[in-house]
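A short worksheet on the structure shown next.
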Amino acid sequence: MSETIRVDIWSDIACPWCYLGKHRFEAGLAAFRAEHPDVEVEVESHSFELAPDTPLDWDGSEVDFLVRHKGMPAAQVEQMLGQMTELGAAEGVTFDFGGVQHANTQRAHRILHLAKDRGVQAAVQERLFRGYFAEGEDMSDPDALARLGAEAGLEPDEVRAALDDEAYGDAVQQDIARARMLGVNGVPFFLLDQKYGVSGAQSADAFQGVFAQVLERSRAEASA
1 MSETIRVDIW SDIACPWCYL GKHRFEAGLA AFRAEHPDVE VEVESHSFEL
51 APDTPLDWDG SEVDFLVRHK GMPAAQVEQM LGQMTELGAA EGVTFDFGGV
101 QHANTQRAHR ILHLAKDRGV QAAVQERLFR GYFAEGEDMS DPDALARLGA
151 EAGLEPDEVR AALDDEAYGD AVQQDIARAR MLGVNGVPFF LLDQKYGVSG
201 AQSADAFQGV FAQVLERSRA EASA
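Listed below in structure tokens is the structure:
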């Protein structure tokens with residue numbers, strides 16, 4: 001009998017820890033799959049907005065947003081983003097915060113739901129993360145989203161249509177509501193088999209270990 005582990009992940013495109021956590025999670029998953037090639041792992045990403053109060057017409061960098069909109073001291077912001085840049089570089093993730101165009105991510109989340117329907121969610125999410133953090137793309141700009149989505153397997157016209165499709169807007173809000181029901185206050189958040197929660201961008205080894213523990217418990221329950 002085949003074995004399956006389901007993973008639900010809540011994240012935000014504008015969250016650097018989510019981008020780093022995605023890469024660490026995938027590295028841990030690859031290591032687990034190498035040890036357990038017969039175990040199927042189903043992964044689905046869900047929407048979460050860290051800064052839903054960001055104006056849709058916000059015009060400024062990530063540094064500007066944290067200093068002006070959130071009221072953080074500039075020196076603290078520079079130190080925090082510098083450390084994040086170093087962490088990413090050590091694991092092959094590029095952060096260029098000076099060029100990041102901070103944006104409300106509601107539209108990007110709609111595109112991720114479209115991508116899920118088309119079977120290319122992981123590819124589109126990676127493209128949006130890279131576009132946002134490494135290339136300074138505006139995640140609230142329909143033209144940018146259509147172009148980036150097309151590069152990852154979506155039809156540009158479908159991307160534009162999704163931005164005005166309230167069904168996708170409702171899907172985003174349902175994801176956020178479910179996260180609140182689960183008590184999720186920050187992302188990334190990983191839920192395995194609907195009952196084992198992991199918070200934060202854990203190391204690849206940690207994710208590999210969590211998968212092994214979940215598999216062991218599942219087998220124990222099945223044989224009980």
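For the sequence shown, position 30 matches number 30 in the UniProt record's numbering, and the numbering has no gaps at all.
Ideal Cβ positions, reconstructed from N, Cα and C, are used throughout, including at glycine.
Next item on the list: Taking SER47 and LEU112 to be in contact with their CB atoms under 8 Å, please state how far apart those CB atoms are, rounded to whole angstroms.
Entry: The residue labelled residue 47 in the question sits at position 47 within the sequence shown. The residue labelled residue 112 in the question sits at position 112 within the sequence shown. With a contact defined as Cβ atoms closer than 8 Å, SER47 and LEU112 qualify at about 7 Å.
Next item on the list: Express the C-alpha separation of GLU151 and ASP138 in angstroms, rounding to a whole number.
Entry: Along the sequence shown, read from residue 1 onward, the residue named residue 138 stands at position 138. Along the sequence shown, read from residue 1 onward, the residue named residue 151 stands at position 151. One alpha carbon belongs to ASP138, the other to GLU151, and they sit about 15 Å apart.
Checklist line | Simplified DSSP state of TRP17, which is helix, strand or coil | finding: The residue you call residue 17 lines up with position 17 of the sequence shown. Three-state result, TRP17: helix.
Next item on the list: Find the nearest neighbour of PRO188 within the set ALA179, GLN194 and ASP205, judged by alpha-carbon distance.
Entry: Counted from its first residue, the sequence shown places residue 188 at position 188. Looking at ALA179, GLN194 and ASP205, the one whose alpha-carbon comes closest to that of PRO188 is ALA179.
Next item on the list: Give me the Cα-Cα distance between TYR19 and VAL77, rounded to the nearest whole angstrom.
Entry: If you number the sequence shown from 1, residue 19 lands on position 19. If you number the sequence shown from 1, residue 77 lands on position 77. Looking at the backbone, the Cα of TYR19 and that of VAL77 are separated by about 18 Å.
Next item on the list: Classify ASP12 as buried or exposed, calling it buried when 16 or more other Cβ atoms lie within 10 Å of its own Cβ.
Entry: Within the sequence shown, the letter at position 12 stands for residue 12. Burial call: buried.
Check: Considering PHE189, what are the terminal residues of the beta strand (DSSP E) in which it resides?
Finding: Here residue 189 corresponds to residue number 189 of the sequence shown, with the count starting at 1. Unbroken beta strand (DSSP E) run through PHE189: 189 to 192.
Note to self: Could you tell me the alpha carbon to alpha carbon distance between SER45 and LYS195, rounded to whole angstroms?
What the structure shows: Translated into positions along the sequence shown, residue 45 becomes position 45. Translated into positions along the sequence shown, residue 195 becomes position 195. Straight-line Cα distance between these residues: approximately 16 Å.
Item checked: Cβ neighbours of VAL67 in the same chain (closer than 6 Å, five flanking residues each side left out) -> Translated into the one-based positions of the sequence shown, residue 67 becomes position 67. Closer than 6 Å at Cβ, skipping near neighbours: ALA74 and VAL77.
Item checked: Candidates VAL184, ASP57, PRO142 and HIS36, of which the one nearest HIS102 by Cα -> As a working note, residue 102 is residue 102 in the sequence shown. Cα-wise, what sits closest to HIS102 is ASP57.
Margin query: If you follow the alpha helix (DSSP H) that ASP157 is in, where does it begin and where does it stop?
Written below: Sequence index remark: in the sequence shown, residue 157 carries index 157 (1-based). Counting along the chain, the alpha helix (DSSP H) containing ASP157 begins and ends at 156 to 162.
Margin query: Taking only three categories from DSSP, how would you classify GLU91?
Written below: Counting from 1 along the sequence shown, the entry for residue 91 is found at position 91. In the structure shown, GLU91 falls within a coil segment according to DSSP collapsed to helix, strand and coil.
Item checked: Alpha-carbon spacing of VAL159 relative to GLU3, whole angstroms -> On the sequence shown, position 159 is the one that residue 159 refers to. On the sequence shown, position 3 is the one that residue 3 refers to. Rounded to the nearest whole angstrom, the CA to CA distance from VAL159 to GLU3 is 35 Å.
Check: Does the Cβ of residue 229 have 16 or more other Cβ atoms within 10 Å, making it buried, or fewer, making it exposed?
Finding: The first residue shown for the chain is 1 and the last is 224, placing residue 229 beyond what the model contains.
Check: Grouping DSSP H, G and I as helix and E and B as strand, with all else coil, what is SER61?
Finding: The residue you call residue 61 lines up with position 61 of the sequence shown. DSSP places SER61 in strand when its eight states are reduced to three.
Next item on the list: Return the first residue and the last residue of the beta strand (DSSP E) that SER203 is part of.
Entry: As a working note, residue 203 is residue 203 in the sequence shown. Careful: SER203 lies outside any beta strand (DSSP E) and carries neither H nor E.
Notebook entry, point to check: Thinking just about the alpha-carbon of each residue, which of HIS69, PHE97, VAL93 and GLU91 is nearest to the one in LEU81?
Noted result: As a working mapping, residue 81 is identified with position 81 in the sequence shown. With distances taken between CA atoms, LEU81 lies nearest to PHE97 out of HIS69, PHE97, VAL93 and GLU91.
Checklist line | Residues near ARG6 in its chain [Cβ-Cβ closer than 6 Å; skip 5 each side] | finding: Taking the first residue of the sequence shown as position 1, residue 6 is located at position 6. Excluding residues within five positions, the ones whose Cβ falls inside 6 Å are GLU42 and ASP193.
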